[in-house]
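Residue numbers (this note's numbering), protein chains in the order written: chain Z, 1 to 154; chain R, 1 to 316; chain A, 1 to 355; chain D, 1 to 653. For each residue, glycine too, the CB sits at the ideal point set by N, CA and C. Right, one structure below, let's go through it.
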Amino acid sequence: MPVLEGRELRIIGFLCNWCSYGGADTAGVARFDQPTDLRIIRVPCSGRIDPLFVAKAFMNGADGVLVSGCHPRDCHYAEGNFYARRRLEVFKNFISVLGIEPERFEYTWVSASEGQRWQEVVTKFTNQVHTLGPLAPVPEISLDRLAATETAQP
Amino acid sequence: MLEQLKDTIKKALPELDFVIGWGMGFDALHATPLFMYEPEDVDKLVWGPLNVHNLATYLPALKGRKVGIVVKGCDSRSVAELLQENLINREDVVIFGAPCRGTVSLTKIRKVIGNTGLIEDVNYADGTLTVKAEGASHEMALKDIRADKCGYCRFPNAVLSDHFVGEKRAPQVEEDTFEDLAEFESQPFEERRDFWMKEMDRCIRCYACRNACPLCVCRDHCVAQSRDPHWLSQQDGVRDKFMFQIIHATHLAGRCTTCGECERACPVDIPVLLFKRKFTKAIKDTFDYDAGLDPEATPPLLAFKANEDNIKEKEW
Amino acid sequence: MAKYLKKDDLGSWLKELGETYKVIAPVEEGDAVVFRRLTDERTLRIDRQATQGPKGVLFPACEELVSFKYVKDPENPEKTKVEVKETVEAEPTLIFGARPCDARGFDVFDGAFTKCAVKDNYYMARREQAIVVSLACTKTETTCFCNWVGGSPDGTGGSDVLLTPVTGGYLVEAVTDKGEALMGGKLLSDADDARQAEAKKLLQEAKDSLREAPDFDCMPEQLYALFDNMDFWEKQSAKCISCGACTYLCPTCHCFNITDEQQGKEGSRIRSWDNCMSHMFTNEASGHNPRPTKAYRLKNRVGHKFCYFPDMHDGHIACVGCGRCIKSCPVALDIREVVTAAKECRLPEEETSDD
Amino acid sequence: MKIGVFVCHCGSNIEGTVDTKTVAEASLDFPEVTFATDTMYACSEPGQDGIIEAIEEHKLDGVVVASCTPRMHEPTFRKTLERAGLNPYMFEMANIREHVSWIGKDREANTNKAADLVRIAVEKLRRNQPLTPKEFDINRRVLVIGGGVAGIQAALDCAEAGLEVVMVERESTIGGKMAKLDKTFPTVDCSSCILGPRMVEIAQHPNITLYAYSEVESVSGYVGNFEVQVKKKATYVDWAKCTGCGECVEKCPSRKAPDPFNELLAPGRAINIPFPQAIPKKAYIQAEHCIKLTKDKCGNCAKVCPSDAINFEAKDEIITEEVGGIIAATGYDLFDWTVYEEYGGGRYPDVVTSLQYERMLSASGPTGGHVKRPSDGKEPKKVVFIQCVGSRDKSVGRPYCSGFCCMYTAKQAILTKDHIPDSESYVFYMDIRAPGKLYDEFTRRAMEEYGAQYIRGRVGMVYPDGEGQLVVRGADTLMGTQVEVKADLVVLAVGAEAAKNSPQLAEKLRISYDAYGFFMEGHPKLKPVETNTAGVYLAGACQGAKDIPASVGQGSAAAAKVIGLFSKEKLKSDPQTALVDIKRCIGCGKCAETCPFGAINMTEFRGQPKAEVLETVCQGCGLCAATCPQGAVQLKHFTDNQILAEVEALCRF
């Protein structure tokens, strides 16, 4: 089912299994209310996150992407988030040249115990994306073809 | 200087399978890579602002063979980068360097003379390029028609070489200020996006940008054309073309020397170097790192610091 | 009977034709000139050869062959049907501003797709509804060599109408019956002799400006003979970077790939341009590649154009001499040099001689 | 593939805010889903049986369960699949409880989101491959970090079970906090009398190697095969020669060194043996207070040592130990009570901490078991105890209850009466927490039999009255009045916090810790001694403040976990490891360069360099997969195609 028209935006989260996914669980266990937009994709480690997954999400029509991993030094795999931090930071810098507001993408650290922090991150990020509004999707077809289909279905 | 370069190459040639340099191409405006196997091939060597190609592109496929290569400053940085990534062996490559004054942008020349298909003669002297086409003669100052990358070049001389011919030149600029990028990013986000939509729409997916890139070393195994992983579909829509450029730029982050081959090779003139410029700036700002200067360095994205100097994480 | 169209009326004429046809013409886009649907916002550019020819109009870089959809039986979800819908898209289309070389490219396509045992419905449908209005060349570029491969600056192969620029306008000539249908436009007047003479003169000058054509009759034989001479091909291909610019810009290259792109239960089978200069082109599932290096691949490209295709199609060379592969090649690899070198290459003595 | 989707109600936990029936119906429309249903409790026995039946009846070859977090029940359902004859890895979960039903009440949005999460689980599952774990050998040795009572218990249990144990203790003696105590509640038996013999056992057990005055420097490897570097800090005394006679301590002229064992109540010597029952009973020199080591003078200890054990040239030493399991039992430290300036701790000598008081009460302490005021050595007649110093106080960042302070304060009040029969004790408390066996009875005895006066309320201020006494001013919330008590001695019941450097150790062990530095258990209820890192277990107060019986219990529990782990012939590795497609690999080595585990080797295949994954070493983080530009390394079950399919599923529909 699509996101709820007019109420939700497409926000994708990539969360490491050990800290942030657990943090989101902790927030759930504590019944911390959160906006419903975010859909979480579980990965073992923030180091698994190729920034290109984020790019792919934006190309395919995501309005916001959130990456969350273990706090630096706390990586379950010792170093994954250190690499992730560099790659994601540089990538966050990069997307503005594409015409994507850097605020549509955030990476952060939430530990398994930080349910409250998770609630705060999700809430604030969701609001941040809503402030920017939807991101126009990149057409899957050529512009001429797009123009043709648009005139065909006014 | 050219003669001196030829002599140096001729001396080294017996030890080498061949030396890669530039010769004249199909007309007086277009140079072409020249593979010099015999001394008489060396006589065809040219040097000047028409030597637009980065010949380092050929090196990874020649790994294990003893070859020579003539480099401009920017080309030498690609060689350094390939060495850093163990894609070539230092002892197999003999590098011939010479000072570079910058190379032309054929697109810019076309904008001046209208059609670059009608060239009769070309002369270069003292910073001025004279092109005769359709009976008319056009004089152009090199600085007006040189590739953008030459405007912010800090390394006109080879950063590493076995033989350096000629006198080293002082760099044009001390610092790259990324004005091109700032200008582009002075547009609102939506306009930037619209700009790329139109540009990407024209892409013919020939992958010349990739194949001309000296650091696109996956080449035959590029994710752009594989089903596993299946990053891109074969659709020729804007989305997949745009995504490819993002992949290319991202894979080059921290490695790209902004040699500009991607943009130069593009047959439909899409300014794809801008993507890499953005990454280059981010890498410079965040890690104070320039790719292709030190074959021994660890590139920033393959390393980390427990406490990063210039990364400010978001506070919620 | 040749007609005359005033330069100032060109826009109106195309607009008029636009009521019947989808008009595709070379327009400016960024720093390139490409064939696009002509609209008011776009600038027609016919003063230089288009960066990319019009082949994509009849043979799109990517087209959907069929769309498919998996449908579950609501009573029994284990049962799934596949609904397949063929997508043949064609509408009356006018290609304006093709050069004679570009138009001749369609002849090669016709040979491969319509005048053979297995016909390509998709191409054929578009070809039948297309009308090609070409523009003769009164100037030639350093990369032009149409005369080497049987073409000419005023060649009519593949065209339905041929325009020749003359002072103040264009000489308009119908080449085919299809083209004849365009001759009745109000904006066209009968061309007088002076204009016809001027056109003839300009075209002769253009022809004279081309380099002398070598004789390529011997090429098929010569290329077969060079088939195993990998040393030759390695040297010829040394500077090639294995991109697809030459093939994608080539008016005759017609190789394609077919892939299924599926999302969820729906998808489409698409045909997209493929490129014999790519390693992937002949890569087999096992990992084996019969054309493992660029030397093999360049040999194939040249071989196909100057040997295998002519062999199968009455000697018709699958190259129209437009020169795009030369001028847009990132390393300025010149196919004329390769073919000339192949022609002139002294073949090694047969090892198994009788005596 | 034939996929079955089971949408769990979890009673009303999910069903309350998610329409599970609608989710199941929506799921049926997803690709390759041939069966979908909602179920009351998927994890219950009938729930699991239902899954097994459906697998058989509908010939399913993959299962998605939409229920709680996979961190909880993924192993449960994998076993269910296995019982049904499927490969356990042909399974995915959609977390529609913690991530959906529990975080919002909008039923429409929740239902919609739940269906989306099922969709991505289905798309991922469609791209799963059956996986089989690899087996590898176990090094049946265990490392116990910390020699307090929890560590001692864990070490002895393991050693008794026949395992080789390596114990690392930061101080020069084991015993931890318990060794400092005089008596223990609620039995008031002598702490060193019950702990002492166990400490001796550690020293004498043939299966235990003890590194005292040592710290864990680094940990590498993985469950079954850890490599641990232990730093033996320089003691400047050759312990092989030292007999613990104490001659050197007697003759040491440096008399202003701190004595941490006695909680800094009295100065110690630069060379020291913490207490008579120390294990090992060996002297060590605090270098920064040694005249010889700082000024190159003196050297008395070396002169008097009968066994020639002093070595001023000693250096820190790194020892490498290989173990298969690790128990962290690093205990706790006291909260910095000086933060409470209003209590005057650290400013007024007669305001002491509970642990300092414990040393005063102890016969082996600096006062020989006589309670004396630090200021003038007089016996106090009125003692005021202030509870919750650094516990249950948000304003100092310690909102949690330390759990044992109520009990030891009661104990200290009783002991005060025992030591000074004519004394009076006052206890300021917030609530009395005594929920243990005989605990409440014990606090009542303090009040009823020993006359301790309990005042419910917080103390606002402690200040000297200028006549040698301290005025303790506080509230009595039961009476609703202000009270002032004049005290000879004030004892602060200081709460527990994580031992210092706990976060650093956690990082070395790759385990999580909470906001206060306490180590995170695998599950707050069901995995109290496990961590999320396989092979690393927790015992005692390092996981959270606890008293002696609880610490001992956890020590035994952690030991049981290790013994259980080692009882297996071989360990099975998680098969969700990285895999190299050698056709795509160009041998650039970037994956090997970044792998945190050294799990990627560069090898040659037909003359070409290629990467190769050591499956049992690979921990499945996927860093290599994100590093490889051509996608030649893929992490099984988290492949690019799987993640891309998940992204696609979320974006397209």
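Here the stretch 137 to 147 of chain Z makes contact with the stretch 194 to 201 of chain R; the two share three or more CB pairs at distances below 8 Å.
For A:Leu182, the nearest beta carbon of chain R is not closer than 8 Å to its own beta carbon. For R:Pro214, there is no enclosing beta strand (DSSP E), as DSSP marks it with neither H nor E. The count of Cβ pairs closer than 8 Å, one atom from the stretch 80 to 93 of chain A and one from the stretch 144 to 162 of chain R, stays below three, leaving the stretches out of contact. Taking a cut-off of 8 Å on C-beta distances, the stretch 286 to 306 of chain R touches the stretch 77 to 94 of chain Z, as three or more cross pairs fall below it.
Using a Cβ-Cβ distance cut-off of 8 Å, the stretch 405 to 420 of chain D and the stretch 387 to 396 of chain D are in contact, since at least three pairs of beta carbons, one from each stretch, lie closer than that value. The C-beta of Z:Pro44 comes no closer than 8 Å to any C-beta of chain R.
Sequence-distant Cβ neighbours of A:Gly105 in its own chain, meaning closer than 7 Å and more than five residues away, are Gly53, Lys55, Gly158, Pro251, Thr252 and Val320. If you look at D:Arg119, you'll find it in the alpha helix (DSSP H) that goes Arg107 to Arg126.
Taken in chain order, the members of the stretch 23 to 38 of chain A whose beta-carbon sits within less than 7 Å of a beta-carbon on chain Z are Arg36 and Arg37.
Between D:Cys301 and D:Asn225, the alpha-carbon positions lie close to 42 Å from each other. Proximity of chain R to Z:Val129 at the Cβ level (cut-off 9 Å) is not reached, the minimal Cβ distance being about 14 Å.
Among the CB atoms of chain Z, one or more fall inside 8 Å of the CB of R:Thr250. Within the stretch 188 to 203 of chain R, Pro188, Phe189, Glu190, Glu191, Arg192, Arg193, Asp194, Phe195, Trp196, Met197, Lys198, Met200 and Asp201 place their CB atoms closer than 9 Å to a CB of chain Z, listed in sequence order.
When DSSP states are grouped into helix, strand and coil, D:Asn272 belongs to the strand group. Residue-level contact check: R:Gln225 touches chain A, since one or more beta carbons of chain A fall below 8 Å from its beta carbon.
In the DSSP assignment, R:Ile246 falls within the alpha helix (DSSP H) that extends over Val238 to Leu252. Considering only D:Ile96, D:Ser556 and D:Cys43, the residue with the shortest C-alpha distance to D:Pro75 is D:Cys43. For the stretch 196 to 257 of chain A, not one full-length beta strand (DSSP E) segment reaches 3 residues or more. In the assembly as shown, A:Ile258 is an exposed residue. Its beta-carbon has fewer than 16 other beta-carbons within 10 Å.
Excluding the 5 residues flanking it on each side, Z:Phe32 has same chain C-beta neighbours closer than 7 Å at Gly115, Gln116 and Gln119, in chain order. Here the alpha carbons of Z:Ile40 and A:Lys235 stand approximately 54 Å from one another.
As summarised for the stretch 240 to 316 of chain R, the continuous alpha helix (DSSP H) elements at least 4 residues long and confined to that stretch are 261 to 265 and 273 to 287, given in chain order.
Comparing alpha carbon positions, the residue from D:Glu215, D:Pro380 and D:Lys180 closest to D:Gly196 is D:Lys180.
In this model, Z:Asp50 and Z:Ser68 are separated by some 13 Å (Cα to Cα). Residue ranges of uninterrupted beta strand (DSSP E) with 3 or more members, entirely inside the stretch 7 to 44 of chain D and ordered along the chain, are 33 to 39. Separation of the CB atoms of D:Leu355 and D:Ala496 is rounded to 10 Å, and the pair is thereby denied contact status at 8 Å.
With 16 or more neighbouring CB atoms inside 10 Å of its own CB, D:Val23 falls in the buried class.
Under the criterion of beta carbons closer than 8 Å, A:Asp154 and A:Pro100 qualify as touching, at roughly 6 Å. Taking 8 Å as the CB threshold, Z:Leu4 lines the interface with chain D.
Not a single CB atom of chain R sits nearer than 8 Å to the CB of Z:Leu15. About 4 Å separates the beta carbons of A:Ala213 and A:Trp148, which is inside the 8 Å limit, making them a contact pair.
For a Cβ distance threshold of 9 Å, residue set Gln263 and Gly264 of chain A lies close to D:Arg652, ordered along the chain. Note on geometry: alpha-carbon atoms of D:Lys232 and R:Asp290 lie some 43 Å from one another. In this chain, D:Leu86 is not harboured by any alpha helix (DSSP H), its DSSP state being neither H nor E.
If you draw a straight line from the Cα of A:Arg48 to the Cα of R:Arg192, it comes to about 29 Å.
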